[in-house]
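Student: Here's a structure for you.
Residue numbers (our numbering): 52 to 238.
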């Protein structure tokens, strides 16, 4: 079986979502009926809960494209408004390793890095590869579809303390956060 295509949504979160992550369930109802959706995970950033995230795994990138072009999309968006307070940033990534295990851990680390030079791209790849190896491939990374200068890494950890035991080569991150939240399959 091929690895899924992953949609990562980073957004300003509503007070309602910060207080109760289950408010997203209204949005997940219509989303769970989308063809090709394998799982959906959501949470808030630990350091700044005003930032939320949602990670959707689809069988293929075409499933995501069909969602946004399809008749159910307005209903899905309406349900998500209870959690999303402003314009989201969306990245589609084809991770080379399964991220399901990382999303099941109590702590999910999500890093988004923009590397504008060939040297920076290599440094980011080295850093994320070291992280992926350190987690026995429980973490994975890749560039964003159609944006080869933006990289996304996802890792799962038992605790923040365990994560802090790992040191990595210095890389300038444009955005990094460790998030907690609910995880589980939709459907």
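Glycine included, C-beta positions come from ideal geometry on N, C-alpha and C. Because the structure is a prediction, the values reported are computed rather than measured.
#1: Counting only the same chain and skipping the five closest in sequence on each side, list residues whose C-beta sits under 6 angstroms from that of residue 142.
#2: Decide if the segment 171 to 186 is in contact with the segment 55 to 73; the criterion is three or more beta carbon pairs, one per stretch, under 8 angstroms apart.
#3: Look up residue 105 in the DSSP assignment and give the residues it is bridged to.
#4: Please name the residue, chosen from 124, 180, 175, 189, that lies closest to residue 156 on a Cα-to-Cα basis.
#5: Which partner residues does residue 29 have in the DSSP bridge list?
#6: Applying the criterion that 16 or more other CB atoms from any shown protein chain within 10 Å of the CB defines a buried residue, is residue 55 buried or exposed?
#7: Go ahead and label residue 209 buried or exposed: buried means 16 or more other beta carbons lie within 10 angstroms of its beta carbon, across all protein chains shown.
#8: Are residue 148 and residue 91 closer than 8 angstroms when you measure CB to CB?
#9: In the DSSP output, what is residue 206 paired with across the bridge?
#10: Rounding to the nearest angstrom, what Cα-Cα distance links residue 89 and residue 111 in this structure?
Tutor: In short, the structure shows the following:
#1: Cβ neighbours of residue 142 beyond the five flanking positions: 59, 195, 203.
#2: With a cut-off of 8 angstroms, the segment 55 to 73 and the segment 171 to 186 do not count as touching, because too few Cβ pairs lie within range.
#3: Its beta-bridge partners are 60, 93.
#4: Checked all of 124, 180, 175, 189; the closest Cα to residue 156 is 189.
#5: The chain is shown only over 52 to 238; residue 29 falls outside these bounds and no answer can be derived.
#6: Label assigned to residue 55: buried.
#7: When all chains shown are included, residue 209 counts as exposed.
#8: No. Outside cutoff.
#9: According to DSSP, residue pairing for residue 206 in a beta bridge involves 160.
#10: Answer to the nearest angstrom: the Cα atoms are 10 angstroms apart.
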